[in-house]
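K.L.:
Questions regarding the structure given below will be posed in turn.
Number of protein chains: 2
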Amino acid sequence: MSKIEISAQDREFMRQAIRLSAESVANGGGPFGAVVVKDGKVIAGRSNSVTLDNDCTAHAEVNAIREACRVLGTFDLSGCDIYTSCEPCPMCLGAIYWAHISRIFYAADRSDAAAVNFDDDFIYQELDKPLSQRSTPLIPILRDEALKTFQAWEAKSDKTAY
Amino acid sequence: MSKIEISAQDREFMRQAIRLSAESVANGGGPFGAVVVKDGKVIAGRSNSVTLDNDCTAHAEVNAIREACRVLGTFDLSGCDIYTSCEPCPMCLGAIYWAHISRIFYAADRSDAAAVNFDDDFIYQELDKPLSQRSTPLIPILRDEALKTFQAWEAKSDKTAY
């Protein structure tokens, strides 16, 4: 990776994400915020609402990505950057890859999150293990039956791929 | 991990997930389905709606977990199992960990998904790399400012942790 120059605008976008994280703590949400930026403009900014919305997937990054998709009317956020107050967990990093986001700016990291009792680092460690050694069992079943759906998908001429 | 016995009921739950995946292809969605089960009952079943909903996070597992959270009124799905027609991608696996789901049954796997041009395996490979070698750059910035939010979170006596 070539050295990336951090600009004053990058710092301003990150400060918006950090402000969202601080407001979230004040409002009873989790201590995380994220903004999605395209062409130098913030198009979505959200905080973590797991406990407020009773939704374990409602991390700041996922919320901001979903909002950006709504705003732009697309599932493809190519050309967007994300600024998140903490390094994305595996769920959020996966969402960022599916979104085709270009660059990830983060402030605190997974060890900082672990220090205030969030599971990000634990989940990263789990993903590093072979499936058979994970704490949550992964059990294969009926693969042949599921493959029929993939064959139907392959054969479909008018599908929308992503 | 001890050997897990697969029951006729497990196969029936998985067949529900596979049916959802097949219906999704017919309806123009992605070829994936998932159900969340608690106490022997399906409490949520959803298919992939990334392209139908213009939401790159709308994988079958994330959709089913979000629905299960709504149905149960909680962000904690402890005691639930998930049956998914394809091995969860890192985003969905992360969501499953955050949900505290007990067991993951899957049918097709990441290589099957790669064979029909989905990025699951690519994203797993990315997560295996050091941050500096990823195709999507991860850029640290303003950590000290973000840590103030974590300090506020730590100091908050009435917080809802997760």
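Line order of the protein sequences matches chains C and D.
Add 60 to the 1-based position in the first sequence for our numbering, that's all there is to it.
Add 60 to the 1-based position in the second sequence for our numbering, that's all there is to it.
Glycine included, every Cβ here is placed at the ideal spot set by N, Cα and C.
1. If Arg79(C) sits next to Gly93(C), beta carbons under 8 angstroms apart, how far is it from one beta carbon to the other, in whole angstroms?
2. Beta-carbon of Gly100(D) versus every beta-carbon of chain C: anything under 8 angstroms?
3. Whole angstroms are fine: how far does the CA of Arg106(D) sit from the CA of Phe135(C)?
4. Just how far apart, CA to CA, sit Val131(C) and Gly154(C)?
5. Closest Cβ-Cβ distance between Lys189(D) and chain C: below 8 angstroms?
6. Considering only the alpha carbon of each residue, which of Arg163(C), Asn108(C), Pro200(C), Lys189(C) lies closest to Leu191(D)?
7. Could you list which residues in chain D have their beta carbon closer than 7 angstroms to that of Ala167(C), in chain order?
8. Output yes if chain D places a C-beta closer than 8 angstroms to the C-beta of Asp115(C); else output no.
9. Flag this pair as yes or no: are the beta carbons of Thr220(D) and Val85(C) separated by less than 8 angstroms?
10. Whose Cβ in chain D lies nearer than 8 angstroms to the Cβ of Ser145(C)?
11. Would you mind stating whether Ile64(D) and Glu121(D) have Cβ atoms separated by less than 8 angstroms?
12. Does DSSP put Ile103(C) in a helix, in a strand, or in coil?
13. Name the chain D residues whose beta carbon is nearer than 7 angstroms to that of Val85(C)?
14. Going by C-alpha distance, which of Asp172(D), Ser195(D), Ile125(D), Asp218(D) is nearest Trp213(C)?
15. I'd like to check one pair, Ile201(D) with Arg71(C): are the Cβ atoms closer than 8 angstroms?
16. By the criterion of Cβ-Cβ separation under 9 angstroms, what are the contact partners of Glu186(C) in chain D?
17. Could you have a look at Ala168(C) and say whether DSSP puts it in helix, strand or coil?
18. With distances taken Cα to Cα, identify the nearest neighbour of Ala215(D) among Asn177(C), Asp115(C), Gly133(C), Ile103(C).
19. Nearest by alpha-carbon distance to Ile125(C): which of Ile142(C), Asn114(C), Leu112(C), Lys101(C) is it?
20. Is it the case that the Cβ atoms of Ala168(D) and Arg203(C) are separated by a distance below 8 angstroms?
21. Ser138(D): which of Ser109(D), Lys98(D), Gln69(D), Pro150(D) sits nearest, CA to CA?
22. Once DSSP output is grouped into helix, strand and coil, what is the label at Thr144(C)?
23. If we count the other Cβ atoms within 10 Å of its Cβ and call it buried at 16 or more, is Ala159(C) buried or exposed?
24. Is any beta-carbon of chain C found at less than 8 angstroms from that of Gly88(D)?
P.N.:
Walking through what the data contain:
1. Numbered from its first residue, the first sequence carries residue 79(C) at position 19. Numbered from its first residue, the first sequence carries residue 93(C) at position 33. 7 angstroms between Cβ atoms; contact.
2. Taking the second sequence and counting its residues from 1, one reaches residue 100(D) at position 40. No, Gly100(D) lies away from the interface with chain C (no Cβ there is under 8 angstroms from its Cβ).
3. As a first step, residue 135(C) must be located in the first sequence, where it is residue number 75. As a first step, residue 106(D) must be located in the second sequence, where it is residue number 46. So the alpha carbons of these two residues sit roughly 18 angstroms apart.
4. Along the first sequence, read from residue 1 onward, the residue named residue 131(C) stands at position 71. Along the first sequence, read from residue 1 onward, the residue named residue 154(C) stands at position 94. Rounded to whole angstroms, the separation of the alpha carbons of Gly154(C) and Val131(C) is 20 angstroms.
5. For the purposes of this step, residue 189(D) is identified with residue 129 of the second sequence, where counting begins at 1. No, Lys189(D) lies away from the interface with chain C (no Cβ there is under 8 angstroms from its Cβ).
6. Within the second sequence, residue 191(D) is the residue found at index 131, counting from 1. With distances taken between Cα atoms, Leu191(D) lies closest to Arg163(C).
7. The residue labelled residue 167(C) in the question sits at position 107 within the first sequence. For Ala167(C), the chain D residues whose C-beta falls within less than 7 angstroms of its own C-beta are Ile201, Leu202, Arg203, Glu205, Ala206, listed in chain order.
8. Position 55 of the first sequence, counted from the first residue, corresponds to residue 115(C). Closer than 8 angstroms: yes.
9. Here residue 220(D) corresponds to residue number 160 of the second sequence, with the count starting at 1. Here residue 85(C) corresponds to residue number 25 of the first sequence, with the count starting at 1. Contact: no.
10. Sequence index remark: in the first sequence, residue 145(C) carries index 85 (1-based). Neighbours of Ser145(C) on chain D, chain order: Ala206, Thr209.
11. For the purposes of this step, residue 64(D) is taken as the residue at position 4 of the second sequence. For the purposes of this step, residue 121(D) is taken as the residue at position 61 of the second sequence. Not closer than 8 angstroms, so no.
12. As a position in the first sequence, residue 103(C) is number 43, starting the count at 1. In the structure shown, Ile103(C) sits in a strand (DSSP, three-state: E or B).
13. Indexing the first sequence from 1 puts residue 85(C) at position 25. Simply Thr209, Ala212, Trp213, Lys216.
14. Residue mapping note: residue 213(C) aligns to position 153 of the first sequence, counting from 1. Comparing Cα positions, the closest option is Asp172(D).
15. The residue labelled residue 71(C) in the question sits at position 11 within the first sequence. The residue labelled residue 201(D) in the question sits at position 141 within the second sequence. Closer than 8 angstroms, so yes.
16. Numbered from 1 along the first sequence, position 126 holds the residue referred to as residue 186(C). Leu153, Tyr157, listed in chain order.
17. On the first sequence, residue 168(C) is found 108 positions in, with the first residue counted as 1. Looking at Ala168(C) - three-state DSSP - the assignment turns out to be strand.
18. Taking the second sequence and counting its residues from 1, one reaches residue 215(D) at position 155. Out of Asn177(C), Asp115(C), Gly133(C), Ile103(C), Asn177(C) has the C-alpha closest to the C-alpha of Ala215(D).
19. As a position in the first sequence, residue 125(C) is number 65, starting the count at 1. Of Ile142(C), Asn114(C), Leu112(C), Lys101(C), the residue nearest in Cα terms is Ile142(C).
20. Position 108 of the second sequence, counted from the first residue, corresponds to residue 168(D). Position 143 of the first sequence, counted from the first residue, corresponds to residue 203(C). Between Ala168(D) and Arg203(C), the C-beta spacing is below 8 angstroms.
21. Taking the second sequence and counting its residues from 1, one reaches residue 138(D) at position 78. Ranking Ser109(D), Lys98(D), Gln69(D), Pro150(D) by Cα distance to Ser138(D) puts Lys98(D) first.
22. As a first step, residue 144(C) must be located in the first sequence, where it is residue number 84. DSSP places Thr144(C) in strand when its eight states are reduced to three.
23. Position 99 of the first sequence, counted from the first residue, corresponds to residue 159(C). With 16 or more other Cβ atoms within 10 Å, it is buried.
24. Mapped onto the second sequence, residue 88(D) falls at position 28. Chain C has a Cβ within less than 8 angstroms of the Cβ of Gly88(D).
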